[in-house]
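To start, the structure under review is shown below, and the notes come after it.
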Amino acid sequence: MKILVTVKRVTDYERKVKISPDGLSLVTEGMNFVPNPFDEIAVEEALRLQKAHGGEVVVISIGHKDASKEIRQALAMGADRGIHVIAEELDPDAVARLLMKIVEEEKPELVIMGKQATDDDANQAGQLLAGYLGWPQATFASKVEGLDSEAEKAQTPGVVIAGGEATVIREIDGGLETLKLKLPAIVTTDLRLNHPRFASLPGIMKAKKKPIKEVPVASFGVDITPKVRNVKYAEPPARKAGVKVADVAELVNKLKTEAKVI
Amino acid sequence: MSGPDYGEEHEQLRRTLRGFVEKEITPFVEAWEEAESFPRALYQKAADIGLLGLGFPEALGGTMSDPFATIVACEELARSGSGGVAAGLMTHTIAIPPIVALGSDELKERVVKPVLRGEKIAALAITEPSGGSDVANLRTTARKDGEHYVVNGSKTFITSGMRSDFLTVAVRTGGPGMGGVSILVIDGDTPGLDRTPLKKMGWWASDTATLYFDDCRVPVTNLVGDEDQGFFGLMLNFNHERLSIAGTAYAFAKVCFDEALAWAQERQTFNKPLIKHQVIRHKLVDMATQLASTKAFLEHVARLLKAGEQPVAEICMLKNTATRCMEYCAKEAVQILGGAGYIRGQKSERIYRETKVLAIGGGAEEIMKELAAKQLGW
């Protein structure tokens, strides 16, 4: 079974992001970049499915020329090869239409993507891709047994493939929902699907020799003019300092008169 | 990490090790230190990510690397704040290199491979109760008797000595001096081998033992390299061991500095953060200065080693520089943390107790100076 996985290069979630003085962009100088954590979960799921069913895991990144590093990271985890579409910042719709072209060429049976990227948290590309392809989709895939379960310890895939169908447990507001999808299909991963493996040192060395095909974005003939425009970046308002109350009576009073919550 | 010495694979190695240490070591350090042990399962987990195989040949289950990968590994392992876990987990890096370099295929298969898979623990036993750094005059004897050596004597201060499955032991097979020394692999379950645990100033999470050999019969096939030629094999170890010690000392100094800096920025005294007091921030600058110069020296020596040189004098001086840097930074970090720095649970408190082991182990500071002087022809 051939599985396509997407990996986006995002700003390190452990570092503070700075906004440029004009408020129109983020300061990328000196910024550390990492693979989107949801995408690492997608890579892990693909590798587990590959172990169970054989086949090939292909990693795609669309973005900055340095994103080859994030592809290499996925290859070090165990993926077989990479495709790197070199492009400037794109909106999710352009990403979905580019991915559609790649899917048409690669003909995978399954596309696994992070449910969203931790930089813009758009949560759109997977759904848009399914829409453009006319494929079934299951978003927010999760593991019903939980991440402390024996199934997780045994590195069992959360997505079950059988008889040309994928069974996916997904998180919804009221709990968990089970979907059966006819393959080929799109699955997007939530946090509680698996614990991604660490790239092992032998894996890191092997990945140096695995192929990454670089494709310029222009070669797809896709109009990537953004439909979404970034108007302005702003820091969230700073939290005001709290106050100390002398006793319970004062607290209750403040909750009534100031916070107006009781 | 930056500069031409570090490539993408070093960055990936760092990322893997950082995640591994954060997930599998740091949360448990307090408990393991107090229990004076850590689970054997950690060896297997470390093998799975390739940490145990770092720097060993692929044919034996390892991954070849360069000295900069060693530095990255030292830095990341130190972040847990426990030298004991790092020392216990990595004792094979001093125990198996002689077997890898000089041992028979049978020993490589039976000893090296399971150790790199994390299934077995290996320790190195050289130091004796009668003398430490004086390797040429060790007294443990191995007398040939048919297909066996009969080993008598004792070894002490042996890291992982309590629970190791294999011991790489320096013994005397010949006459006095360095020419009579051989290396034997002694299985942990050999009749006549007795072990007693030793309590230590630091490195609590790793076990340390005195070993007694009483007519231990060891098959002659366990001889590593040629008889009476062991001294050279043991010396092979030292360049890498001392680079690792220097890297480790530097890394723990950095952990102390980071903890002290964070504390100084947060802690309020006399209505301002500690770091706004000149006397404190000058301490921090002194620490940062030592760290910067130690790191530059460390990377300089790593470059020489990578180029295939054997810079023995430089390595000796580097080990002393790095352990002094660690002693200095640990002392100042505890001072900056004040009362909190004296309380168990702070990394600096533990590291302060772990300074001496690095200034003594792997060649004491005084021995390093003498070796450097000899190498320089003085």
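The listed protein sequences correspond, in order, to chains A and B. Using the numbering used here, you'd call the opening residue of the first sequence number 1 and step up by one each time. Using the numbering used here, you'd call the opening residue of the second sequence number 1001 and step up by one each time. Glycine is no exception: its CB is placed at the ideal position from the N, C-alpha and C atoms. Computed from a predicted model, the values in this text were never measured in an experiment.
- Rounded to whole angstroms, the gap between the alpha carbons of B:A1125 and B:Y1328 is 30 Å.
- According to DSSP, A:S142 shares a beta bridge with A:I169.
- For B:M1162, same chain residues with a beta-carbon under 7 Å away, outside a window of 5 residues either side, are R1195, P1197, D1207 and A1209 in chain order.
- DSSP places B:F1157 in the strand class (E or B) of the three-state scheme.
- Pairing B:F1028 with B:K1144, the inter-Cα distance amounts to about 46 Å.
- Taking 8 Å as the cut-off, the beta carbon of A:M113 is found no closer than this to the beta carbon of A:T11.
- A:V57 and A:R48 have their C-alpha atoms roughly 10 Å apart.
- For B:G1363, the closest of B:I1094, B:G1062, B:K1283 and B:P1057 by C-alpha to C-alpha distance is B:I1094.
- Under a 10 Å Cβ-count criterion, A:G126 is classified as buried, with 16 or more other Cβ atoms of the shown protein chains found around its own Cβ.
- A:A122 and A:D66 have their alpha carbons spaced roughly 22 Å apart.
- With a threshold of 8 Å between beta carbons, A:P202 makes contact with chain B.
- Taking a contact as a CB-CB distance under 8 Å, the pair B:C1325 and B:Q1278 does not count as one, their CB atoms being some 23 Å apart.
- Below the 8 Å Cβ cutoff, chain A contributes no neighbours of B:Q1044, its closest Cβ being approximately 13 Å away.
- For A:R9, the secondary structure class from DSSP, reduced to helix, strand or coil, is strand.
- By the C-beta density criterion, B:D1226 is exposed, having fewer than 16 other C-beta atoms within 10 angstroms.
- Ranked by how close their Cα comes to the Cα of B:T1026, the residues B:L1116, B:G1345 and B:G1247 have B:G1345 in first place.
- Between the stretch 1106–1124 of chain B and the stretch 1084–1092 of chain B, the count of Cβ pairs shorter than 8 Å is three or higher; the stretches touch.
- Counting along the chain, the unbroken alpha helix (DSSP H) around B:K1347 starts and ends at K1347 to R1353.
- Shown here for B:L1060: same chain residues with a beta carbon closer than 7 Å to its own, the five before and five after excluded, namely V1100, K1108, V1112, K1113 and L1116 in chain order.
- A:F220 and B:I1049 do not touch by the CB rule: their CB atoms are close to 37 Å apart, not below 8 Å.
- By the beta-carbon neighbour count (other beta carbons within 10 angstroms, threshold 16), B:Y1250 is buried.
- Going by DSSP, B:G1083 is part of the alpha helix (DSSP H) stretching over G1083 to L1089.
- Leaving aside the five residues that flank A:Y13 on each side, the residues in its chain whose CB is nearer than 6 Å to its CB run, in chain order, T118.
- By DSSP's assignment, B:A1123 forms a beta bridge with B:L1167.
- In this structure, B:R1110 is the residue among B:W1204, B:R1110 and B:L1042 with its C-alpha nearest to the C-alpha of B:D1165.
- The criterion of a C-beta distance shorter than 8 Å is not satisfied by B:A1142 and B:L1193.
- The beta carbon of B:D1194 does not come within 8 Å of any beta carbon belonging to chain A, so the residue lies off that interface.
- Annotated three-state conformation of A:Q116 is coil, per DSSP.
- Distance from the CA of B:G1174 to the CA of B:L1138, rounded to the nearest whole angstrom, comes to 11 Å.
- Buried is the label assigned to A:D91, since at least 16 other Cβ atoms lie within 10 Å of its Cβ.
- What A:K69 touches in chain B, judged by beta-carbon distance under 8 Å, is E1008 and E1011, going in chain order.
- Going by C-alpha positions, A:K115 is about 56 Å away from B:V1224.
- A Cβ of chain B is located within less than 8 Å of the beta carbon of A:Q73.
- If you look at B:S1293, you'll find it in the alpha helix (DSSP H) that goes Q1278 to K1306.
- The beta-carbon of B:F1056 is placed no less than 8 Å from the nearest beta-carbon of chain A.
- Minimum Cα-Cα distance from B:A1069 among the listed residues A:S20, A:E40, A:P202 and A:I262 corresponds to A:P202.
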